[in-house]
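This report concerns only the one structure given below.
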Amino acid sequence: MVANAGIAMMQAGDDGWRDVIDVNLTGVFHTVQVAIPTLIEQGTGGSIVLISSAAGLVGIGSSDPGSLGYAAAKHGVVGLMRAYANHLAPQNIRVNSVHPCGVDTPMINNEFFQQWLTTADMDAPHNLGNALPVELVQPTDIANAVAWLASEEARYVTGVTLPVDAGFVNKR
261 MVANAGIAMM QAGDDGWRDV IDVNLTGVFH TVQVAIPTLI EQGTGGSIVL ISSAAGLVGI
321 GSSDPGSLGY AAAKHGVVGL MRAYANHLAP QNIRVNSVHP CGVDTPMINN EFFQQWLTTA
381 DMDAPHNLGN ALPVELVQPT DIANAVAWLA SEEARYVTGV TLPVDAGFVN KR
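Counting in my numbering, the sequence shown runs from 261 upward without gaps.
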C-alpha cells in the first residue's frame, strides 16, 4: 500500500496551514488506517510506503503558515511511519517512507510555485538546491524506490526514511 497524499502550500494564513496538514498528514493517517485491517487479515505480511518529502527530514521553506504546515506534515509522516513500523512488525508488515526533493510534476511545475521561487532566498542553506547536478527528479525515480521497498528484495527493511533527492538532504 502506498500513501501518496500531498499538496503544496496554496494560500497564506491559518487556512493554508489547515489545508496542508489535512491532506499531507491526516490523509496519510486515514489511508493507512483503512489498509491495516486488510493487510492483517490476509496474514501474509505486506508493505506500506508513505511518501513524505525531503522537507520531512530537514527544515526548509518559509515562515508562511502554509509552508510551515508542509514541513510539519511531512515530519509528521515520519513519526507515523516509525510508529506504524513498530506496531505492525509482529504481523510482518513493513512500513517505510520515501523522501523526494523536487519532482517534475504539476505540484512543482505551476504558476504558484514558480512565483514562490522568485521570492525565496535561494542562497539560504534551508532552501532548494540538490548536490547532484539535476534540477528535478523524475516521477519514475520515486516509483522505482517505492517498488523496491514494496518488493521481496526489501523484505527486511522497515522503519526506514529513504531520500530520493539527488543529495538534497545530505547537502544540508
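For glycine and all other residues, C-beta sits at the position ideal for the given N, C-alpha and C.
Note that the coordinates shown come from a computational prediction; the quantities given were computed from them, not determined experimentally.
Cβ pair residue i, residue j closer than 9 Å
i	j	result
S307	L409	yes
H359	T421	yes
T298	A263	no
W277	G329	yes
G419	N356	yes
G287	A265	yes
K431	G389	yes
R342	V417	no
Residue i beta carbon near the ligand GTP (any heavy atom closer than 8 Å)
i	result
A410	Annotation note on the ligand GTP: not contained in the displayed structure, which lists no ligands.
For residue i, three-class secondary structure by DSSP
i	result
N356	strand
V417	coil
D282	helix
V288	helix
V397	strand
A268	coil
S307	strand
V429	helix
Chain-order list of residues whose beta-carbon lies under 7 Å from that of residue i (same chain, five-residue window excluded)
i	result
L317	H359, T421, P423, V429
Contacts around residue i, its chain only, beta-carbon distance under 8 Å, and the 5 residues preceding and following it disregarded
i	result
I267	D279, V280, V283, N284, M367
I405	As written in the sequence, residue 405 is Ala, which differs from the Ile given in the question. So the list reads V358, L422, V424, once near-sequence residues are dropped.
Neighbour-count burial assignment, residue i, 16 or more Cβ in a 10 Å radius
i	result
R415	exposed
S411	exposed
Check whether the stretch 393-409 touches the stretch 334-345, counting contact only when three or more Cβ pairs, one atom from each stretch, lie closer than 8 Å.
no
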